[in-house]
Each structure stands twice: as C-alpha cells, then as structure tokens.
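In what follows, a structure is listed as structure tokens, so that the remarks can point back to it.
Residue numbers (the working numbering): 2 to 127.
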C-alpha cells in the first residue's frame, strides 16, 4: 500500500509539474500549446487528476503507516472496477493502447492486495 501510495503521489506531482511527460508515460501524444484547439481542457483535466493522485497517494501512505486493514480491503473492489473501466476504455477506442498499462496496474494492485490480506488472515488464524 505504501509503495502504491508513493507511486501515485510521485506521478501526481509529475502531472502537476510536467503534464506532457505524464501524458507520454500513459501512452498519449502530447499536443504543443500552440496547436491546442480553443476549448481544449486537457491540461485542466490533467491538473485535477494529478492533484487527486497526490491526495490519494498520501491517503494510501497514511493508511499503510496506520496498518488500516479496513482501508486496504475497501481498495480491492474499487481498484478492480477501475481496472475494468480503463480496459474497457482501451477496447472501445476511447483511450490508446498504452493506457492498458494503467488498467493492468490497478488490477494487479487489487489482486496483490487481496492476496496479501488473505495470507495475513490465514497466518493470524494459525
């Protein structure tokens, strides 16, 4: 959880400081400011998403420090939902293929978190 939180915070900061770099990492081709169409709100959306990632990352790190198991459990179904939505965005043509990595990262994180919680529960019962 702490690693995910740290990565979310770091990528959120990248999005705030260097939005084109974050777009490139996610598989999107950045558009130079001079070529942006009137009414293109990509950077506004990216700023909002990046700030949300910073906040979410901090929440994850604080939950990890507090060993807040309930929070960990809550993240599993919602990260699986995020995975499904992101994968569907790629399959439907709404997002580029490079965005698959984001969806798969969420899915893998959910599976690993769920497995770790199950392992700890079994270990505690033994």
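Don't be surprised by glycine CBs; every beta carbon is placed ideally from N, CA and C. For clarity, every value in this text was computed on a predicted model and none was experimentally measured.
>> Could you tell me the alpha carbon to alpha carbon distance between residue 121 and residue 38, rounded to whole angstroms?
In response: If you number the chain shown from 1, residue 121 lands on position 120. If you number the chain shown from 1, residue 38 lands on position 37. Cα-Cα distance, rounded: 52 Å.
>> Using 7 Å as the threshold, is the C-beta distance between residue 87 and residue 28 below it?
In response: Taking the chain shown and counting its residues from 1, the one referred to as residue 87 is at position 86. Taking the chain shown and counting its residues from 1, the one referred to as residue 28 is at position 27. Cβ atoms of residue 87 and residue 28: not closer than 7 Å.
> Could you give the distance in angstroms between the alpha-carbon of residue 64 and the alpha-carbon of residue 73?
Replying inline: The count along the chain shown starts at 1 and reaches residue 64 at position 63. The count along the chain shown starts at 1 and reaches residue 73 at position 72. About 8 Å.
>> Just to confirm the assignment, what range does the alpha helix (DSSP H) spanning residue 62 have?
In response: Reading the chain shown from its first residue, position 61 is the one you call residue 62. Where residue 62 is concerned, the enclosing alpha helix (DSSP H) stretches over 43-67.
> How would you call residue 103, buried or exposed, if buried means at least 16 neighbouring beta carbons within 10 angstroms?
Replying inline: Along the chain shown, one-based indexing puts residue 103 at 102. Residue 103 is buried by the Cβ-count criterion.
>> Taking the alpha carbon of residue 2 as the reference point, which residue from 92, 85, 69 and 105 has its own alpha carbon closest?
In response: By one-based count along the chain shown, residue 2 stands at place 1. It is 69.
> Do the stretch 10-21 and the stretch 35-54 touch if we need at least three Cβ pairs shorter than 8 Å?
Replying inline: yes
>> Tell me which residues share the same chain as residue 77 and place their Cβ nearer than 6 Å to its Cβ, disregarding the 5 neighbours each side in the sequence.
In response: Within the chain shown, the letter at position 76 stands for residue 77. Around residue 77: 111, 114 and 115.
> Using the C-alpha atoms, what's the distance from residue 95 back to residue 75?
Replying inline: Working through the chain shown from its first residue, we reach residue 75 at position 74. Working through the chain shown from its first residue, we reach residue 95 at position 94. Between residue 75 and residue 95, the C-alpha separation is close to 28 Å.
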